[in-house]
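> In my numbering, the protein residues as written are 17 to 173. Note that the Cβ used here is the ideal one computed from N, Cα and C, for glycine as well. Below you'll find the structure I mean.
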Amino acid sequence: MFTLGLPWWEFVVRGALVYIFLLIILRLTGKRNTGQLAPFDLVLLLVLSNAVQNSMNGGDTSLLGGIISAATLIGLHYCVAYLTFRSKALEKWVEGRPRTLIHNGVLDEKVMREELLTHHELGAALRAAGCAAVEHVSIATLENNGQITVSPRNAAG
């Protein structure tokens with residue numbers, strides 16, 4: 017239970033490499049993975065965690081190995097949070113920036129394609145904000161966390 021099958025430092029290195037790999041991959045796949053998850057997004061994250069498990073523990077199933085791996089991931093998470101707090105450039109890369117989807121009733125199809133956002137997803141966000149159509153929107157923004165915020169046009173506009 018407490019006997020390690022690998023040196024302690026190998027758990028740290030493996031955990032760090034997997035963490036960095038997943039951070040890069042999830043960042044490159046866009047904001048949809050970090051916002052409200054569709055069922056297939058959730059399945060991807062669950063299967064992904066299972067897929068990288070053995071690469072982190074090297075086949076070691078000891079309690080101590082799991083504790084070292086978990087502590088490594090939590091430590092790295094804290095470091096990334098601290099570094100993104102201190103560095104705007106790193107924050108922009110890790111967390112992304114909000115993207116404008118609709119401005120003054122005009123939909124930006126290029127942003128929709130780049131963010132792999134479907135018209136059904138956008139339509140649901142518009143309806144939730146009380147807008148029946150794109151033309152009724154002053155601005156709609158895809159936030160860093162994957163949510164879409166919508167500001168309806170005023171009645172005079």
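Should the region 26 to 35 be regarded as contacting the region 73 to 87, the criterion being three or more beta carbon pairs within less than 8 Å?
yes
> Can you name the start and end residues of the alpha helix (DSSP H) that Ser85 belongs to?
79 to 102
> Which residues in the same chain as Val127 place their Cβ atom closer than 6 Å to its Cβ, once the five residues preceding and following it in sequence are excluded?
So the qualifying residues of the chain are Arg115, Leu117.
> Among all the DSSP beta bridges, which residues are the ones paired with Ile155?
His119, Ser167
> Under three-state DSSP, which class holds Met128?
Met128: helix per DSSP, three-state reduction.
> Identify whether Met17 lies in helix, strand or coil by the three-state DSSP scheme.
coil
> Distance check for Ala97 and Leu180, CA to CA, integer angstroms please.
Limits of the chain in this structure are 17 at one end and 173 at the other, which puts residue 180 out of reach.
> Taking all protein chains shown into account, decide if Thr88 is buried (16 or more other Cβ within 10 angstroms of its Cβ) or exposed.
buried
> Just the Cα atoms here: how many angstroms apart are Ser178 and Thr100?
Lying outside 17 to 173, the shown extent of the chain, residue 178 is not represented and no answer is given.
> How far does the alpha helix (DSSP H) with Arg113 in it reach, from first residue to last?
For Arg113, there is no enclosing alpha helix (DSSP H), as DSSP marks it with neither H nor E.
> With distances taken Cα to Cα, identify the nearest neighbour of Leu22 among Lys104, Ser71, Leu38.
Ser71
> Here's a check: name, in chain order, each residue in its chain whose Cβ is nearer than 7 Å to the Cβ of Leu20, leaving out the five neighbours to either side.
Asp76, Ser78, Leu80, Gly81
> What's the gap between the Cα of Leu64 and the Cα of His93?
18 Å
> Taking Cβ positions only, does Asn161 come closer than 7 Å to chain D?
Absent from the structure: chain D. Only one protein chain is present.
> Sort Val110, Cys147, Leu132 by Cα distance to Asn120 and report the nearest one.
Cys147
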